[in-house]
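Data block below; observations after.
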Ligand code: FES
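Residue numbers (the numbering used here): -18 to 253.
Structural data, given as structure tokens:
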């Protein structure tokens, strides 16, 4: 490591960057959390952060930069106190995500990937967050804010800017983006258990399976039969026929009528 890089990032950060490398058999596997730590300190991936990671890992700055510019969670421009990501992927878009994004651009007077003048909010449209069952979804520092509307999203950013405590609909109290980046670097803030772990829309499939007595086949049980391993094609064909059977079962059991009519209850049929 060169003196130049020791002097540019503070010694605590450099020590923590080295600490991250000890978590992995191959030190370079630590690059992703190291870049999150750089963001937690610098507010973005800076050149000196890239150089520090390269020095510690013994790779080139170009290799680090290649990673930092590939993944959209790494930012080369400063991020505000709160990163607000509006999902505008297909499902969220048709459910209102496009309208939310347009409203927030107007309300905050920023464009995509821009930060408000007070440095509080960076707005970005993001791709599917695997939360389609709660569309349209907004994320604040990667925590879910489910089932948003233009009005609720406007209140959300107003609360964030004015310092009102905000809690994720399926997670913890919202911290700042830098604090969240430190968690992503592997330094917990002890908020992981705050908030519900799952909600009715995500658990509906489990409820249907439970009511019908469906269980996943045990891979261990299959292994004990002594049957030869199935080819990938055989496995896929079996999967298709299982799925077709399940869909028939669902129709026969009337489970397709659940959903909104069930009023969001975990038990789709209102039974025990
Ligand atoms: S499309 Fe928005 S979370 Fe999937």
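For each residue, glycine too, the CB sits at the ideal point set by N, CA and C.
Please classify residue 51 as buried or exposed, where buried requires at least 16 neighbouring CB atoms within 10 angstroms.
exposed
At a cut-off of 7 angstroms, is residue 119 close to the ligand FES when judged by its beta-carbon and the heavy atoms of the ligand?
Relative to the ligand FES, residue 119 has its C-beta separated by 7 angstroms or more from all heavy atoms.
From what residue to what residue does the alpha helix (DSSP H) around residue 185 run?
DSSP places residue 185 inside the alpha helix (DSSP H), whose first and last residues are 181 to 193.
In angstroms, rounded to a whole number, what distance separates the CA positions of residue 87 and residue 119?
16 angstroms
With a threshold of 16 other CB atoms inside 10 Å of the CB of residue 191, please say whether the residue is buried or exposed.
exposed
Spatial neighbours of residue 177 within its chain, please: C-beta separation below 7 angstroms, excluding the five flanking residues on both sides.
151
With a cut-off of 8 angstroms, do at least 3 Cβ pairs link the region 111 to 127 to the region 56 to 76?
yes
For the alpha helix (DSSP H) containing residue 160, name the first residue and the last one.
158 to 165
Among 159, 136, 128, -11, the one whose alpha carbon lies nearest that of residue 73
128
Residue 153 versus residue 2: straight-line alpha-carbon distance, rounded:
28 angstroms
For residue 56, which of 162, 110, 125, 172 has the nearest alpha-carbon?
Ranking the options by Cα distance to residue 56, first place goes to 162.
Among 138, 36, -3, 27, which one has its Cα closest to the Cα of residue 90?
138
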